Amino acid sequence: MNESVFIHVSSFDELAQRLHQKYHEGVAQYTSTFRYPASIIFFDSKQEYKRFIQESPWEIRTLSEVFGDKEEISCYQIRKWLNALLSEHSKEPVVVLPITEYIRVCKPHNPPLIDQIFTSIVQAEFSPIIAPMLDYSFSYQRFFAEFPHQDRMAEVFSYDSPAKDQDPAIEIILDETGMVPTEGHEVITTLKGWIKLWETGEIADKNNLIIQNKRIIEAIKDTDISVPKVNKRIVENQKDYLSYYQNIDPTSFTIEPDATIWNVIFSNLHTDCRKNSWSKIVTTILGSTDNLEEDITKYWEDSIRIEMRVQRWFWLNEAKKRSLSSPFPERLVKEVEDPEQLLDYAYNIGISSEIDAQSLKDRAKLLKRFKKPLFNTGILTFEQNYAEWKERQGADYRKIVEHTTGIFPFERQAIVEVVSLLMREQSGFPNELFPVIEECWPAFAAYIEPAIGNALEKEVSIKDDPQGFANQYFAQYIRAKLVYDAPTKRLEEMQHQYFGEWKDTLGALSIGKIPQHNDTSFKAQIDADGYIFLDGVGYEWHNVIRVLFERKEWKITSIQPIFSQLPSDTAHFPLLDPVKEYRDFDGLIHKHYQYPRTIFEELEILEQIVERIHQWHKDKPIWIVSDHGSTAFARKGRARSIKGVKKEHGGRCGTFKGGHLNEDGRTHCVLEKTASYAVSLSYDNYGETSPQGEAHGGAMPEETLALALLIAPPGTDTSSDPITVKAERNSYSALDPEIVLRVSGTAGIQIESVTIRINRGVRKLIPPEWIVKTSIKIPVAVVEELGFKPGENTLDITFNKSMQATCSVEYASGSTVTGFDQVFKL
545 MNESVFIHVS SFDELAQRLH QKYHEGVAQY TSTFRYPASI IFFDSKQEYK RFIQESPWEI
605 RTLSEVFGDK EEISCYQIRK WLNALLSEHS KEPVVVLPIT EYIRVCKPHN PPLIDQIFTS
665 IVQAEFSPII APMLDYSFSY QRFFAEFPHQ DRMAEVFSYD SPAKDQDPAI EIILDETGMV
725 PTEGHEVITT LKGWIKLWET GEIADKNNLI IQNKRIIEAI KDTDISVPKV NKRIVENQKD
785 YLSYYQNIDP TSFTIEPDAT IWNVIFSNLH TDCRKNSWSK IVTTILGSTD NLEEDITKYW
845 EDSIRIEMRV QRWFWLNEAK KRSLSSPFPE RLVKEVEDPE QLLDYAYNIG ISSEIDAQSL
905 KDRAKLLKRF KKPLFNTGIL TFEQNYAEWK ERQGADYRKI VEHTTGIFPF ERQAIVEVVS
965 LLMREQSGFP NELFPVIEEC WPAFAAYIEP AIGNALEKEV SIKDDPQGFA NQYFAQYIRA
1025 KLVYDAPTKR LEEMQHQYFG EWKDTLGALS IGKIPQHNDT SFKAQIDADG YIFLDGVGYE
1085 WHNVIRVLFE RKEWKITSIQ PIFSQLPSDT AHFPLLDPVK EYRDFDGLIH KHYQYPRTIF
1145 EELEILEQIV ERIHQWHKDK PIWIVSDHGS TAFARKGRAR SIKGVKKEHG GRCGTFKGGH
1205 LNEDGRTHCV LEKTASYAVS LSYDNYGETS PQGEAHGGAM PEETLALALL IAPPGTDTSS
1265 DPITVKAERN SYSALDPEIV LRVSGTAGIQ IESVTIRINR GVRKLIPPEW IVKTSIKIPV
1325 AVVEELGFKP GENTLDITFN KSMQATCSVE YASGSTVTGF DQVFKL
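Following my numbering, the numbering of the sequence shown begins with 545 at its first residue and continues without gaps.
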């Protein structure tokens, strides 16, 4: 043929005449047409394409012959079919259909294929095949422009139909979901069905097609269809379907649904698509979303992991569309795509990236709002990641505290370790960290609070002020136990004074100046109200017990140290018939002591006991009473044998025969009708070994001072009018020598102790001299040390460790500009 791209024909008759001349009248043997007798015919009208197929006088060979009973075949089989036809060298022309679909289906995985097919046809020697094509004329033009043998190749016709613009477009929906409604459409689900449309010409009569075959969809998306005219719609996913057919905008989705979520969405669609809306579906699943941010606790509890999975997806999907209350939840919602990972991300972000102080607080508050947060990651992974992060912080104990949430046991154990190190430093524990500790682990904050607060400078004796002595002593004991795991010099000084007055103490006990379990008035109260028995929980833990109950909205009516019978063991506890008893704590303290892990375990046990009491006891006020305390330092004492003494309780006490014992002044003897007891007045222990855990039975204050609280469950308190506290003036400044608080509601109440706490900081015991009738006068310098700051301050006042009142005080610091400054330009 010549170097023109096409031989143009403009009518069916002209095309038929050209082909008749070529194949029936013969051509000269010296021409390229003789050597390359094939013909490619590009149609621009689907009706003319169909007519040619129907009226063709020659044999038609179709690709569907290869399928047989199968619905799919490979590109290799198609190529083999075409090559076989090209090599037959028949005398009569053969119409081969549909070459366009061979190209369309197989080209995506073999880009050079189109040039290979064109070459194989136009260079086929003595193969009179005719290839009608309803597409790819532009591709052929590109091929021809670079084809090197334009003067010796088969003829290629272009049928330019004058009626091509009258062909209506075919609506083709590429349905990758299998969900598009099929009514009024012909559905093509197999390659064989698609091929038949083109080899029969029936494609010309189709108006609406739905393609649900992945291979065909990929082919059409890759190469498109130029001829015939096609209006194509791709329903690539469920979002496309909802958008086109169910009135649901794709922008409704901010995260990707999985199969379960899609099932829920589609099950909530109305049969009338006009009645569908995304907001209706959301309301059906979540209810009202007015308080969406607060509703997070409804869905991320571990106990409802399975039940609320769908709600979690909808919550996060909707939250991403909202403006939330603070930067941390905003960041959390923005950066998380999988709702099942939401709390994992909230936790990990605090130990994996930079995060500001407010976000750290918001993170901790969020995670602690759940009884048991729902995490996708196992606790061992969290523990490993936290340990690695903590190690990288080195001695930056403050940062460790600030980034620790307290929701995991390993975090709480780390807090015990880190706080002890902080308290050991020369600068001491920074008071401003106390609210952080309190938020992280309230029980531990309550435990350390006496040790980091300012105790009274003037020492008191147990015989004169049992409550005051207990406060002072345990502030030092807790510090020694937590920080040094050994008695401090200050603690030893207090013990020396204590035992120096031992005979006076015994005298005070005998006349009832120091409260004991067998006091007549105390036993009468116990008989009237009933009591819960806590084995081994000494006064050391009173603040922990108080805080744990108060956080559950119980009212602490009374709290006091009570001197146990000697020896300080359960056998000598004189009270009978408790309503309930808990021996878990005593069981723990006798195990091998591990510093500081044992302190962590003791607090955990107390939390469990309080929770069980809270769940069980609901109806009326009741006493919580322990039999004795215990000491962590007996294991540090010497083991010493005294002739005739048989050790008990690890050597803290022992029995002997007779009424007299030769001893060295470090033993108290208790003579009973049935036995005589030796009680240690030091950390030394009877026998050849010392206890390995905490121990009791001796006379150290931490062993002998037991615990008595009268508590009222929520809603059962019938006490008189509450105590109120109000500042004498609305505002104070640094120029004022003191702040004066007016107290009312204390008539008839004997006030034994008052503590103050400013802006959730550390409590300070108020000296008696600051209390004048119904007023409390606190030096400004003191309140500044306790966290008083410019602006509004919250003061929490506690009377007798049980009655609380709160007031607000405005404070203007010395640097605040006043009207006086403005007038005189100071």
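Even glycine gets a Cβ: it sits at the ideal position worked out from N, Cα and C. As the structure is a prediction and not an experimental result, all values here were calculated from the model.
So residue i is in the beta strand (DSSP E); what residue range does that whole segment cover?
i, result
"T925", "Careful: T925 lies outside any beta strand (DSSP E), inside the alpha helix (DSSP H) at 923 to 937."
"I1255", "1249 to 1256"
"P1122", "No beta strand (DSSP E) contains P1122, which DSSP labels as neither H nor E."
"L641", "638 to 641"
"L753", "752 to 755"
"V1298", "1298 to 1302"
"I717", "714 to 719"
"H552", "551 to 553"
"E884", "Per DSSP, E884 belongs to no beta strand (DSSP E) and is neither H nor E."
"Y1268", "The sequence given here has Thr at residue 1268, not Tyr. Run containing T1268: 1268 to 1271, per the beta strand (DSSP E) assignment."
Buried or exposed: residue i, going by 16 or more other Cβ atoms within 10 Å of its Cβ?
i, result
"W1371", "There is simply no residue 1371 to check, as the chain begins at 545 and stops at 1370 in what is shown."
"V1123", "exposed"
"V1316", "exposed"
"E1238", "buried"
"D588", "buried"
"K878", "exposed"
"N775", "exposed"
"P672", "buried"
"W1160", "exposed"
"I1310", "buried"
"T1318", "exposed"
"F550", "buried"
Between which residues of its own chain and residue i is the CB-CB distance below 7 Å, once the five residues before and five after are set aside?
i, result
"K865", "T798"
"Y1083", "A1014, F1018, P1105, G1173, L1249, A1250, L1251"
"I761", "L718, E720, I755"
"S1346", "I1100, T1101, S1102, I1103"
"N1344", "I1295, E1296, S1297"
"T1268", "S1288, G1289, A1349"
"H564", "none"
"E592", "F556, Y703, S705"
"V960", "F988, P1140, I1143, F1144"
"E1336", "S1352, E1354"
I'd like the span of the alpha helix (DSSP H) that includes residue i, first residue to last.
i, result
"N1337", "No alpha helix (DSSP H) contains N1337, which is instead part of the beta strand (DSSP E) from 1335 to 1343."
"L904", "901 to 912"
"M967", "953 to 968"
Just checking my contact of residue i with residue j at CB under 8 Å: how many whole Å lie between their CB atoms?
i, j, result
"I1255", "K1099", "7 Å"
"R956", "W985", "5 Å"
"I1421", "V945", "In the structure as shown, the chain starts at 545 and stops at 1370, and residue 1421 therefore has no counterpart that could be examined."
"V1189", "F1200", "5 Å"
"D1128", "I1149", "5 Å"
"P1447", "K1162", "The structure shown has nothing for residue 1447, since the chain only spans 545 to 1370."
"L1132", "V1088", "Actually they do not touch by this definition, with Cβ atoms about 14 Å apart."
"I658", "I647", "5 Å"
"A698", "Y580", "4 Å"
"P1323", "V1223", "Their Cβ separation, rounded to whole angstroms, is 44 Å, which puts P1323 and V1223 out of contact at 8 Å."
"N920", "E884", "5 Å"
For residue i, which residues of its own chain have a beta-carbon under 8 Å away from its beta-carbon, when the five flanking residues on both sides are left out?
i, result
"W806", "Q782"
"Q855", "I829, L830, K842, Y843"
"T804", "R853, V854"
Might you give, ordered along the chain, the residues of its own chain that have their beta carbon closer than 6 Å to the beta carbon of residue i, omitting 5 neighbours on each side?
i, result
"D1130", "D1079, G1080"
"T1342", "T1299, Q1348"
"W933", "I895"
"W742", "P642, E645"
"F1066", "none"
"L966", "Y941, F973"
Is residue i a contact residue of the ligand MN, with contact defined as CB to any heavy atom under 7 Å?
i, result
"P772", "This structure does not include the ligand MN; it has no bound ligands of any sort."
Which runs of the alpha helix (DSSP H) spanning at least 4 residues fall entirely within the region 576 to 633, listed in chain order?
Those alpha helix (DSSP H) runs which fall completely within the region 576 to 633 and span 4+ residues are 576 to 579, 590 to 599, 608 to 611, 619 to 630.
Whole beta strand (DSSP E) runs in the region 1058 to 1109 with 3 or more residues, listed along the chain?
Whole beta strand (DSSP E) segments, 3+ residues: 1075 to 1078, 1099 to 1107.
Runs of alpha helix (DSSP H) wholly within the region 758 to 788 (minimum 4 residues, chain order)
Runs found: 758 to 767.
Threshold first: 4 residues or longer. Then list the alpha helix (DSSP H) segments lying entirely within the region 1163 to 1249, N to C.
Counting only runs of at least 4 residues, the region 1163 to 1249 fully encloses the following alpha helix (DSSP H) elements, listed from N- to C-terminal order: 1245 to 1248.
Extract the residue ranges of the alpha helix (DSSP H) inside the region 980 to 1008, only unbroken runs of 4 or more that lie entirely within it.
Counting whole runs of 4 or more residues, the region 980 to 1008 contains the alpha helix (DSSP H) stretches 986 to 996.
4-residue-minimum alpha helix (DSSP H) runs that sit fully inside the region 1019 to 1049, ordered along the chain
Taking only runs of at least 4 residues, the alpha helix (DSSP H) segments lying wholly in the region 1019 to 1049 are 1033 to 1044.
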